[in-house]
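A.B. asks: The sequence shown runs contiguously to residue 2047 in this note's numbering. Don't be surprised by glycine CBs; every beta carbon is placed ideally from N, CA and C. Only a predicted model underlies this, so the values are computations on that prediction, with no experimental measurement involved.
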Amino acid sequence: MASAAVAASGPQPMTPEEKKVILASSLGTVFEWYDFYLYGSLAAVIGLKFFSMYDETTRNVFALLAFAAGFLVRPFGALVFGRLGDLVGRKYTFLVTIVIMGASTFIVGIMPTSDQIGILAPIGLIILRMLQGLALGGEYGGAATYVAEHAPNGRRGFYTSFIQITATAGLFLSLLVILGTRSILGEAAFAEWGWRVPFLLSLALLAISVWIRMQMQESPAFQKMKDEGKVSKAPLGEAFGQWKNAKIALFALLGLVMGQAVVWYTGQFYALFFIGSVLKVDGFTTNMLIAWSLVLGSGGFVFFGWLSDKIGRKPIILGGCLIAAVTYFPMFKLISHEANPALSAAHASIPVVVSADTSACSFQFNPTGTARFTQPCDVTKAALARASVNYRVQNTPGQQAVTVQIANQPVVNATVTEGGQTRINPQFQAQLTAALNAVNYPTAANPSVVKMSGPFDVFREQPAVLILMLTLLVIYVTMVYGPIAAALVELFPTRIRYTSMSLPYHIGNGWFGGLMPATAFAIIAQTGDVYAGLWYPIVIALATVVIGIFMVPETYKRDIFAENADGSAKH
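1. What residue range does the beta strand (DSSP E) around S1831 cover?
2. Does the Cβ-Cβ distance between L1655 and L1765 come in under 8 Å?
3. For S1685, count the other beta carbons within 10 Å of its own beta carbon; 16 or more makes it buried, fewer makes it exposed. Which is it?
4. Roughly how many whole angstroms lie between the Cα atoms of F1638 and D1703?
5. Quick one: what's got a C-beta closer than 6 Å to P1487's C-beta in the same chain, skipping five residues either side?
6. Might you give, ordered along the chain, the residues of its own chain that have their beta carbon closer than 6 Å to the beta carbon of E2030, omitting 5 neighbours on each side?
7. In whole angstroms, what separates the C-alpha of A1832 from that of V1754?
8. Using a Cβ cut-off of 8 Å (strictly closer), state whether G1585 contacts chain C.
9. Would you mind sorting L1652 into buried or exposed? The rule is 16 or more other CB atoms within 10 Å of its CB.
10. Just checking my contact of A1996 with Y2012 at CB under 8 Å: how many whole Å lie between their CB atoms?
11. Figure out for me which residue from P1969, V1925 and V1738 has the closest Cα to the Cα of A1801.
12. What do you reckon, are the CB atoms on V1956 and C1797 nearer than 8 Å?
13. Please report the residue range of the alpha helix (DSSP H) in which Y1699 lies.
14. On the premise that R1605 lies in contact with G2127, defined as a C-beta separation below 8 Å, what is that separation, rounded to the nearest angstrom?
15. Around the Cβ of A2041, are there at least 16 other Cβ atoms within 10 angstroms (buried) or fewer (exposed)?
16. Assuming the contact rule is C-beta atoms closer than 8 Å, Y2007 and K1809 should be a hit. Round their C-beta distance to whole Å, please.
17. For the structure I just gave you, are there three or more beta carbon pairs, one from the segment 1818-1832 and one from the segment 1856-1875, closer than 8 Å?
18. Please classify V1878: does DSSP put it in a helix, a strand, or coil?
19. Can you tell me whether DSSP reads R1868 as helix, strand or coil?
20. Measuring CA to CA, which of Y1804, L1860, I1586 and V1869 is closest to L1912?
21. Are the Cβ atoms of F1527 and S1580 separated by less than 8 Å?
22. Since G1553 and G1614 are thought to touch, with beta carbons under 8 Å apart, how far apart are those beta carbons, to the nearest angstrom?
23. According to DSSP, simplified to helix, strand and coil, what is A2041?
24. Determine, using beta carbons only, whether I2023 and G1731 come nearer to each other than 8 Å.
25. Under 8 Å between the Cβ atoms of V1880 and T1919?
26. Could you pull the start and end residues of the beta strand (DSSP E) that Q1897 belongs to?
27. Look at the alpha carbon of G1966 and the alpha carbon of A1725, and state the distance between them as a whole number of angstroms.
28. Quick one: give me the first and last residue of the alpha helix (DSSP H) that T1573 is part of.
29. Here's the rule I'm using: 16 or more other beta-carbon atoms within 10 Å means buried, otherwise exposed. How should A1460 be labelled?
30. Is the distance from the Cβ of S1924 to the Cβ of Y1616 below 8 Å?
31. Can you tell me whether DSSP reads V1888 as helix, strand or coil?
32. Tell me F1893's beta-bridge partners as DSSP assigns them.
33. Specify, as a first and last residue, the run of the alpha helix (DSSP H) that F1727 falls within.
34. Report yes or no: do three or more beta-carbon pairs, one from the segment 1641-1650 and one from the segment 1509-1524, lie closer than 8 Å?
35. Return the residue from the list T1505, F1745 and D1562 that minimises the CA-CA distance to A1611.
36. What first and last residue would you give for the alpha helix (DSSP H) that runs through Y1917?
Here you go:
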């Protein structure tokens, strides 16, 4: 893999050894995503073990806050490790990231709980979670850059598509390990100590990953640049302090990654939230439906990566954003009809009206779970949203009382007035539940809800149709995500590539994508429409289509091995 050979004769087809190295790089990234997702999958257990000094509500808030910390620091990891990767090389930088990730995850598995060491436990957990986020912020850019700089021109989309599978594969692996551990140990043992096992397994995965990455060579493009003395002395300043480079990163964020992120989160995470929390499908069935869709749809990552080498990155990424935006509403309504027919019918046929002075209502955006919405209007709308009730708000200016009218039932008073003061009716939740029951508003246990008896209970109409629809959502994900690594790599010159591509990727996915659940719930509570949360990914995906068409260049024919004398990419 000598850089001189690349320079002298141009990019050559990849050798079997190079393919092995790239496969090894992807495998290491799978393990890193596995580590990252373990916390999310076990957030409830983690909250109980590390925040036991608080009541259940506060405990869950802090558990979610610790989970969010891993997402929020990812862009900072991109800056730290991106700079390091452009200064000293790709290989050693993402060797460091996987050690940090694996060690942090393993330590969670052996760390004493809050019952044993008190406040030090949650503090230590949040520090470890932030280290995980920093490591992941450096990992993706390093792996994508490394693979792309090994791949021959004309095949970068195909080879980097294997990196794109790793996030889904890591999620899938974490779920399998957790389900396997639970089934072997039993729920009681798992809740007591077995939850540590998936974290402890990280040590074995870390050892394998470090051994694999120690065998790697430096990427030919970086080695060639290093041999020629063209390595950037200040990657951060060059990437973001010079407008000619900073504007490319900005347009990459807004015209590619922003839309990719929301489509990815909608297809894999919001679908999980919507089926479980909105449609009230049990956890096992929800996870099985998503797992089957991932198995059936994930081949699209490689297919669309390969196709992007033939027709370009933009048509596929922007096309995926556009198709997703146009079809999300009908698809999620069909998912609702199949997953919980009774609830879907109630949404259409049972009118619910909240009467309140809307000037006293908040937009309940709560990304960290720490905000408290205590106004009667907010409490009322949040209760209806949690019950998956469709409602509309009737503005009554100057009226302090908040009421709920359900079909032809007597009005439910959400507030009471005593001594001239209006406050929440302490019987509101019970009265609301009774009023919903009176009109047969379906509960989570209604017999129409889809329920799978086992992993292979998929040959009935309900699970089969749902898996088909969810697989289509995953295919949208593969369209936007399969070619994205190649597109980002090709936008930037070798000397600042690691730094430049990492930041827009992690801002897009860590912030635009990571904020989707909180934003979607706030929109649902604001509008009273269980489908209204879809406006968030739809608007962002459409904005990306417009910006991408006009501001982002097509790069699939760009030769990343050939650069101008100053190290900038030849267009």
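C.D. replies: So, from the listed chains and residues:
1. Counting along the chain, the beta strand (DSSP E) containing S1831 begins and ends at V1828 to A1832.
2. No, Cβ-Cβ distance for L1655 and L1765 is not below 8 Å.
3. S1685 is buried by the Cβ-count criterion.
4. Computed Cα separation, rounded: 29 Å.
5. In this prediction, P1487 has a pLDDT of 45, which is less than 50 and means its spatial position is unreliable; nothing more can be read from the coordinates.
6. Closer than 6 Å at Cβ, skipping near neighbours: G1788 and K1790.
7. A1832 and V1754 have their C-alpha atoms spaced approximately 24 Å apart.
8. The structure shown contains no chain C; it is built from a single protein chain.
9. Exposed is the call here.
10. Sure, about 6 Å apart at Cβ, within 8 Å.
11. With distances taken between Cα atoms, A1801 lies closest to V1738.
12. Yes; because the gap between Cβ atoms is below 8 Å, this pair is in contact.
13. The residue you asked about is not Tyr; residue 1699 is Gln in the sequence shown. Its alpha helix (DSSP H) spans residues P1696 to D1703.
14. The first residue shown for the chain is 1477 and the last is 2047, placing residue 2127 beyond what the model contains.
15. Because A2041 carries a pLDDT of 45, less than 50, the predicted location of this residue cannot be relied on, and the following value inherits that uncertainty. Burial call: exposed.
16. Between K1809 and Y2007 the Cβ distance is about 7 Å, and since that is below 8 Å, they are a contact.
17. Yes, since at least three Cβ pairs between the segment 1818-1832 and the segment 1856-1875 fall closer than 8 Å, the two stretches touch.
18. DSSP places V1878 outside both helix and strand once states are collapsed to three, so it counts as coil.
19. Reduced to three states, the DSSP call for R1868 is strand.
20. Ranking Y1804, L1860, I1586 and V1869 by Cα distance to L1912 puts L1860 first.
21. Annotated as distal: F1527 and S1580, with beta-carbon spacing of 8 Å or more.
22. Between G1553 and G1614 a beta carbon distance of about 5 Å is seen, short of the 8 Å cut, so the two are scored as contacting.
23. Low confidence applies to A2041: its pLDDT is 45, below 50, so where it sits in the model is not reliable enough to give any reading.
24. Contact annotation: I2023 and G1731 have beta-carbon atoms nearer than 8 Å.
25. Contact annotation: V1880 and T1919 have beta-carbon atoms that are not nearer than 8 Å.
26. Boundaries of the beta strand (DSSP E) around Q1897: Q1897 to I1900.
27. Looking at the sequence itself, residue 1966 is Glu, so the reference to Gly does not match. Between E1966 and A1725, the C-alpha separation is close to 12 Å.
28. Here the alpha helix (DSSP H) through T1573 covers R1566 to I1586.
29. Here the chain has residues from 1477 to 2047 only, and residue 1460 is not among them.
30. Y1616 sits away from S1924, with the two beta carbons spaced by 8 Å or more.
31. Strand, per DSSP.
32. This sequence places Thr at residue 1893; Phe is not what is there. For T1893, DSSP records a beta bridge to T1898.
33. Segment W1719 to A1728, the alpha helix (DSSP H) holding F1727.
34. The segment 1641-1650, when compared against the segment 1509-1524, does touch it at the 8 Å Cβ threshold.
35. It is T1505.
36. Annotation: Y1917 is outside any alpha helix (DSSP H) and is labelled neither H nor E by DSSP.
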